[in-house]
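Read top to bottom, the protein sequences are chains A and B.
In this text, residue positions in the first sequence follow our numbering: the first is 48, and each later residue adds one.
In this text, residue positions in the second sequence follow our numbering: the first is 8, and each later residue adds one.
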Amino acid sequence: MPISLTNLLSKYIPENNQLERIWILAKTDFKLRYYETTLGLIWAFLHPLIRMIIYWVIFSYILNQNIPNYGMYIFSGLIVWMYFQEATRKGLMILRSKRYLYENIRMNLYDGFTSSILSTVIGLAFNIFVFIAISPFFNISYSFHILWMFPLMLNLAVLVFAISLILVILNSFLKDISQVWDVFLLGMFWINPIFYAKALIFETFPSLMYINPIAGIIVNLRDVLMYAKAPDMMMMAFDWLYALVLLVIGMLIFNRYFHKAMEKL
Amino acid sequence: MENKETVIRLENVSKTFVFRDKKVASFFTQLGWVFTGKNIRRIEALKNINLEVKKGEFLGIVGENGSGKSTLIHLMTGFYKPEKGGKAEISGNFIRLSLGLGFNQELTARENIYLNGSVMGLTLREINEKFDEMIAFAELEEYVDTKIKFYSRGMKARLSFAVAIHANAEILLMDEFFGGVGDEKFKVKSDKVFKESVLKGRTIVHVSHNLSTIRHYATRVILMHKGELVGMGTPDEVFEMYKNKIRVDKLNLRDYVDDDQSF
């Protein structure tokens, strides 16, 4: 029975329709994304893996990066980046894809977002799990600093939540936003330390590290997963501040314009 | 009836939609319009509506296409907000039902029941308990694990109705829900539900072109015309007004009552 995990969970968690709803919606999203294909969840992992191999081959020849463990270096950056890209693109469409919910019953307006982000976080968590599992084969040793990945992942999810709230409203008034966002993502990809050493760009433009919250999360996640180091606390505090400020702005915009946006869709 | 509590209250509710004629415009064209104000169209969907719906009532809403019936439902649920000076309130759990409900075509009936049931406010335990009952009501025992996209329209309507009536909604807002589907057998079944709903004190707001259900069950009917509430009364009174209205507008009455023998 496909609902078994949910049934199992519901035995231990007190009954709460809102939590159940978020969970069922997230599960549905996730299932529709991956389970329909023959390879299923493997695709969530195959995407960054194939990209990693391409970048690895190209950049180790062209750029002569000299980064030890370059494959894993790219892989860790790509996990974060591809999550951010997929989740914000999906977030942009939420009012359209979840319209039937908002239209037919009274529910917390943020439930649609929470569930959508939860479904993408499952993919992110899966990739990080794979990363950790294969680490020993690349001479990466474990340390308790790995636990820092949880606040980092949460930070990333909050950031995506905030950006989705803003984008979804903008997109309902101006359909071009999805195109603009794609271009923006393309630019962001090249200014993030995904496939080159962080020193390369941040020594030239140190402020980029602070303008761009994804960079901080990538660097910190690498420190805790690959280098057995504690994260840069200053940067982590800054990234959280960034996410929370955007969240407040996003919620203000969303509450103010939600009903108007729905009329436009 | 006078002493019953009001569950839906609309006061001075108006709604004007402002939009650009070309739905999707390029960035620069739109930018141009922002400054010139060109291509803006205003549609007064609702004009100064005042309406109260009491608990346990079966309110029928009739009117031509584009008379504002669906917008009225959206304002009742709070999905759209009234313009300044207007007030729209609803108290109690409600479900808005339109054909197809919130079904995801790629999911099976079982998955859709869990999804929609939860969205409608049922807990998982309640869905587990009512699952067999819902499937039996919809007569889809053999198709529980079939994807909805392979269902016929009638099967989908039966399934969504089954889920909706088993949810804990005190108010059902039906917007052309049956939309011409449903055979005699299903009609008998839904009639039974309407009877039970009245007994349970459920409130029903029913928008339909099919007047027979409204004639049989509505305690009160309102007539919408070009965004205005132009008539209110018993089904017979309002249907008479509706007929006249249509005659005045030189429209063919038969278009509206094709699927209704009792009219």
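Yeah, the Cβ is synthetic: ideal placement off N, Cα and C, and Gly gets one too.
{"Item": "Where the stretch 296-312 of chain A meets chain B: residues whose CB sits under 9 Å from a CB there", "Value": "H306, K307, M309, E310, K311"}
{"Item": "Contact set between B:I102 and chain A, taken where Cβ atoms lie within less than 9 Å", "Value": "N151, I152"}
{"Item": "Which of helix, strand or coil DSSP assigns to B:T84", "Value": "helix"}
{"Item": "Touching by the beta-carbon criterion (3+ pairs, under 8 Å), the stretch 63-73 of chain B and the stretch 222-234 of chain B", "Value": "yes"}
{"Item": "Among B:E247, B:S74, B:H213, B:L79, nearest to B:L58 - alpha-carbon criterion", "Value": "B:L79"}
{"Item": "Endpoints, the beta strand (DSSP E) within which A:T167 is located", "Value": "Here A:T167 belongs to no beta strand (DSSP E); instead the alpha helix (DSSP H) covers 158-181."}
{"Item": "Proximity test, Cβ basis, 9 Å: B:Y87 and chain A", "Value": "yes"}
{"Item": "Contacts that B:T23 makes with chain A (C-beta to C-beta distance below 9 Å)", "Value": "Those within 9 Å of B:T23 in chain A number zero; the least Cβ separation is about 11 Å."}
{"Item": "According to DSSP, residues forming a beta bridge with A:D325", "Value": "Outside the modelled stretch of chain A, which goes from 48 to 312, sits residue 325 of chain A, for which no answer is possible."}
{"Item": "Bounding residues of the alpha helix (DSSP H) (the contiguous stretch that carries A:V227)", "Value": "224-238"}
{"Item": "Close-in-space but distant-in-sequence residues of the same chain around B:L258 (CB under 7 Å, 5 per side omitted)", "Value": "Residue confidence for B:L258 is low, a pLDDT of 48 falling below 50, so the modelled location carries little weight and cannot support an answer."}
{"Item": "Under 9 Å between C-beta atoms of A:I216 and A:F301", "Value": "yes"}
{"Item": "Secondary structure, alpha helix (DSSP H): runs of 4+ residues fully inside the stretch 82-147 of chain A", "Value": "89-109, 117-138, 141-144"}
{"Item": "Residues that B:L180 bridges to, as DSSP identifies them", "Value": "B:R103, B:V212"}
{"Item": "C-beta contact flag for A:F208 and A:G159 at 9 Å", "Value": "no"}
{"Item": "Near the ligand MG: B:V200 beta-carbon under 8 Å from a heavy atom", "Value": "As presented, the structure is devoid of all ligands, the ligand MG included, so that no description of it is given."}
{"Item": "Contact under 9 Å by Cβ, A:L203 with A:I264", "Value": "yes"}
{"Item": "Beta-carbon neighbours of A:L232, restricted to chain B and to distances below 8 Å", "Value": "Simply none; closest approach about 18 Å."}
{"Item": "Alpha-carbon spacing of B:K154 relative to B:Y121, whole angstroms", "Value": "14 Å"}
{"Item": "Rounded straight-line distance, which links the Cα of B:H213 to that of B:N19", "Value": "21 Å"}
{"Item": "Amino acids of chain B, ordered along the chain, whose beta-carbon sits closer than 9 Å to that of A:E133", "Value": "In chain order: nothing, as chain B lies at least about 19 Å away."}
{"Item": "Simplified DSSP assignment, three categories, for B:K22", "Value": "strand"}
{"Item": "Inter-stretch contact at 8 Å, needing at least 3 Cβ pairs: the stretch 61-69 of chain A / the stretch 144-160 of chain A", "Value": "yes"}
{"Item": "Complete alpha helix (DSSP H) runs within the stretch 108-172 of chain B (minimum length 4 residues, chain order)", "Value": "116-126, 131-145"}
{"Item": "Cβ shell of A:D270 (< 6 Å), same chain only, five flanking positions each side left out", "Value": "K276, P278"}
{"Item": "Pairwise C-alpha distance: B:Y249 and B:L260", "Value": "Any reading at B:L260 is ruled out, since the residue's pLDDT is 46, under 50, leaving its predicted position unreliable."}
{"Item": "Residues bridged to B:M231 [DSSP beta-bridge criterion]", "Value": "B:G70, B:L236"}
{"Item": "Simplified DSSP state of B:A95, which is helix, strand or coil", "Value": "strand"}
{"Item": "Local Cβ density within 10 Å of A:L194, reported as buried at 16 or more and exposed below that", "Value": "exposed"}
{"Item": "Given A:V127 as reference, the closest of A:A91, A:P115, A:V104, A:L110 once Cα atoms are compared", "Value": "A:A91"}
{"Item": "Residues sharing a beta bridge with B:R49, DSSP", "Value": "B:V25"}
{"Item": "C-alpha gap between B:M96 and B:I15, whole angstroms", "Value": "One point to set straight first is that residue 96 of chain B is Glu, not Met, in the sequence displayed. If you take the alpha carbons of B:E96 and B:I15, they lie about 6 Å apart."}
{"Item": "Close-in-space but distant-in-sequence residues of the same chain around A:I238 (CB under 8 Å, 5 per side omitted)", "Value": "I248, L255, N259, A262"}
{"Item": "Below-9 Å beta-carbon distance, B:M141 vs any chain A residue", "Value": "no"}
{"Item": "Pick from A:Y274, A:M280, A:L201 that is closest to A:Y189, judged by C-alpha positions", "Value": "A:Y274"}
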